[in-house]
Structure formats: structure tokens, C-alpha cells
Amino acid sequence: MNKIFYAIGDFFGLIFNGVEALGNTINYLYIIIIFGFLVIWTTKMLKHRKDGEEHASS
Numbered sequence: 062m063n064k065i066f067y068a069i070g071d072f073f074g075l076i077f078n079g080v081e082a083l084g085n086t087i088n089y090l091y092i093i094i095i096f097g098f099l100v101i102w103t104t105k106m107l108k109h110r111k112d113g114e115e116h117a118s119s
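Numbers given in this note's numbering equal positions in the sequence shown, counted from 1, plus 61.
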């Protein structure tokens with residue numbers, strides 16, 4: 062029975078070592094993606110303002 066629990070512990074130990082090796086890489090990826098979407102959103106808002114479509118007509 063102990064072998065099962067030690068095997069599970071070793072498995073999760075390997076997973077956490079892999080996550081630790083990634084470090085902040087995934088966080089930087091999310092930051093870049095969110096920044097890109099914010100730039101796109103801001104340019105679309107400025108385009109709508111320039112075209113006089115600031116408020117949606119009902």
C-alpha cells in the first residue's frame with residue numbers, strides 16, 4: 062500500500078518540478094497576449110471615435 066502512495070507522491074513531484082522549470086514563462090505569455098488585445102481594443106475604440114460612432118444608436 063505504501064508503494065502506491067509513494068508512486069503518487071513521486072508523480073506529483075515530477076509534475077511540480079516541471080512547473081517550477083517553466084517559472085514565469087507562462088505568466089509572461091499571458092501578459093503579452095492581454096497587452097496585444099488591449100492594443101487592438103484601444104485602436105478600434107479610437108477608430109470608432111474618429112468615425113463618429115462613439116455611441117451605438119438604438
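No residue lacks a Cβ here, since even glycine has one placed at the ideal position from N, Cα and C.
Would you say residue i touches the ligand ZN, meaning its beta carbon is less than 7 Å from a heavy atom?
i	result
T103	Absence of the ligand ZN from the depicted structure is noted, as is the absence of any ligand whatsoever, leaving it without description.
Helix, strand or coil: which one does DSSP assign to residue i?
i	result
N85	coil
G113	coil
M106	helix
Near residue i, what residues of its chain come up, given a Cβ to Cβ distance below 6 Å and the 5 sequence neighbours on each side ignored?
i	result
I65	none
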